[in-house]
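> To start, I am sharing the structure in question, which I have written as structure tokens.
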Amino acid sequence: MEGFDPRTSFGHEVSMRYDAEDTRGDEERTVAFLAGLADGRDALEFAVGTGRIALPLARSGVRVDGVELSPDMVARMREKPGGDLVEVTMGDMSRVTTGRVYGLVYLVYNTIGNLLTQDDQVRCFENAARHLDEGGVFVVECRVPTAPARPRHQYVDAEHVGVGHVGLDVCRYDPVTQILDENHVRISTEGITFGPIRLRLAHPPEFDLMARIAGLRLRERWGNWNREPYTATSWRHISVYEHTT
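Going by full-length UniProt numbering, the sequence shown opens with residue 1, and the numbers climb by one from there.
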């Protein structure tokens, strides 16, 4: 995507509207799933962002640390009740370390796709493995890619159609690099706004191989946070990895 800089893609403007635009409504189920896996042990969230999951998970009784690249997203979290209780290490989730180990490391909402090379995604798995204590698990939530099946690997979807505004999802996929260039375009009587993002798409079997490289193995995979079976019709996967030994 011409002009896209991943280091600034989650800046101040994005942080201020992130919760309103990206809260999906399944936070309660997500937190219940993760709290059950933590089982009283500490947790680490890669790309903790504005605390959409970390804060309610902390309120459930789990001690939560975070790793985050964007200071603006962390600043937004700090403004929320309890936002100062999550200890955040600033840096790249594929490389930075907190110096601690956890019973649970998790990475949700397609965020592993923000790492734009296979090498970086493998390093993310390796970094998660370094942070796991004995018996700990790494949880990845991600959409099952559909862009590769779109005609000519490009498309425009109507995300929202209202009286006063429309939201369009404008995408182009490169099957060689597995990169999806995506821009959420909002057209309203107040003007036009853009929400660009780049993602490297991968299917579950590729993640499983990354896990093996990192010394992890798949323990279980679900179609949603309610533990419904993962099937050929699932639009996302919740994958739980553990150490091989």
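Ideal Cβ positions, reconstructed from N, Cα and C, are used throughout, including at glycine.
Under the rule that 16 or more other beta-carbon atoms within 10 Å means buried, what is Leu132, buried or exposed?
The residue labelled residue 132 in the question sits at position 132 within the sequence shown. Flag for Leu132 reads buried.
> Can you tell me which residues form a DSSP beta bridge with Cys171?
Here residue 171 corresponds to residue number 171 of the sequence shown, with the count starting at 1. Answer is Tyr155, Glu182.
> Name the residue from Trp225, Thr117, Ile53 whose alpha carbon lies nearest to the alpha carbon of Met210.
In the sequence shown, residue 210 corresponds to position 210, counting from 1. Considering only alpha carbons, the answer is Thr117.
> What separation, rounded to the nearest whole angstrom, lies between the Cα atoms of Arg123 and Asp92?
For the purposes of this step, residue 123 is taken as the residue at position 123 of the sequence shown. For the purposes of this step, residue 92 is taken as the residue at position 92 of the sequence shown. Arg123 and Asp92: Cα-Cα distance of roughly 10 Å.
> Given a threshold of 16 other Cβ atoms within 10 Å of its Cβ, counted over all protein chains shown, does Asp65 qualify as buried or as exposed?
The sequence position of residue 65 within the sequence shown is 65, counting from 1. Flag for Asp65 reads buried.
> Is it buried or exposed for Thr50, if we count other Cβ within 10 angstroms and need 16 for buried?
Locating residue 50 in the sequence shown gives position 50, where the first residue counts as 1. Buried.
> Would you identify the three-state DSSP class for Arg63, choosing helix, strand or coil?
Within the sequence shown, numbered from 1, the residue matching residue 63 stands at position 63. Three-state result, Arg63: coil.
> Check the DSSP bridge columns for Trp222 and list the partner residues they point to.
Residue 222 sits at position 222 when you count from the first residue of the sequence shown. Beta-bridge pairing links Trp222 to Pro229, Ile238.
> Within the same chain, show all residues whose beta-carbon is closer than 6 Å to that of Phe33, passing over the 5 residues directly before and after it, in chain order.
The residue labelled residue 33 in the question sits at position 33 within the sequence shown. Closer than 6 Å at the Cβ level, and outside the excluded window around Phe33, lie Trp225.
> Let me know if Thr233 comes out buried or exposed under the rule of 16 or more other beta-carbons within 10 Å of its beta-carbon.
Walking along the sequence shown from the start, residue 233 turns up at place 233. Burial call: exposed.
> Skipping 5 residues on each side, what residues in its chain have a beta carbon closer than 6 Å to that of Val240?
As a first step, residue 240 must be located in the sequence shown, where it is residue number 240. Within the same chain, Val240 has close Cβ partners Val137, Val139, Arg219, Glu220.
> State the Cα-Cα distance for the pair Val176 and Ile187, rounded to the nearest angstrom.
Residue 176 sits at position 176 when you count from the first residue of the sequence shown. Residue 187 sits at position 187 when you count from the first residue of the sequence shown. Answer to the nearest angstrom: the Cα atoms are 32 Å apart.
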